[in-house]
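Down below is the structure, laid out as structure tokens.
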Amino acid sequence: MATSAESRTRAYRWRMPVAWWLKSTHYTLYMVRELTAVFGALWAILFLAQVPLMKADYAGWLSQMRSPGWVLFSFVSLLFVLYHVWTWFNLMGSVLYIRLGKSPIPGTAINALMFAVWAVASIVIALVVATPILVG
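By our numbering, the letter at position 128 of the sequence shown is numbered 118, and the numbering carries on one by one without gaps.
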């Protein structure tokens, strides 16, 4: 049974200011990083929604892809996704723990490997995309 002192105590109401993330540069960069994922996902959803239109009217689809609004949105989304990937790969050196034998691989080596794989994958994709354009 509750005593009179317990029934008079109020629950703690925790309050967080709306702009808490603007008080520190680290918090701001963290929130911007989280927002970049939204732009990347939105771009992917919009692009995939437009793919079926390509079969029906290729010229119309192509003109829509070349419209200034779509090009600008794609460029901004690309910058956001590049920032997201950059911060994610830099984080991997601190979070990922790989041990070879008795000693762990340094975080800088893990970061370097991640960026090297990213560069190789980007070059391969660029060659696959550019080859039909350059040859044909």
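C-beta: ideal position from N, C-alpha, C; glycine also.
Extent of the continuous alpha helix (DSSP H) run through residue i
{"i": "residue 67", "result": "58 to 85"}
{"i": "residue 42", "result": "15 to 46"}
{"i": "residue 113", "result": "97 to 125"}
Residue closest to residue i, alpha-carbon to alpha-carbon, out of the options
{"i": "residue 82", "options": "101, 25 and 95", "result": "101"}
{"i": "residue 98", "options": "111, 79 and 114", "result": "79"}
{"i": "residue 76", "options": "3, 2, 6 and 26", "result": "26"}
{"i": "residue 29", "options": "73, 116, 120 and 125", "result": "73"}
{"i": "residue 33", "options": "93, 70 and 44", "result": "70"}
{"i": "residue 63", "options": "86, 37 and 109", "result": "37"}
{"i": "residue 68", "options": "18, 3, 106 and 31", "result": "31"}
CA-to-CA distance, residue j to residue i, given in whole angstroms
{"i": "residue 55", "j": "residue 66", "result": "15 Å"}
{"i": "residue 104", "j": "residue 111", "result": "11 Å"}
{"i": "residue 165", "j": "residue 24", "result": "The displayed coordinates of the chain run from -9 to 126. Any statement about residue 165 would go beyond what the structure contains."}
{"i": "residue 143", "j": "residue 20", "result": "No information on residue 143 is available, as it lies outside the stretch -9 to 126 that the chain covers here."}
{"i": "residue 42", "j": "residue 53", "result": "15 Å"}
{"i": "residue -2", "j": "residue 39", "result": "57 Å"}
- Would you be able to state if there are at least three C-beta pairs under 8 Å between the segment 51 to 60 and the segment 11 to 24? They do not touch, by the three-pair rule.
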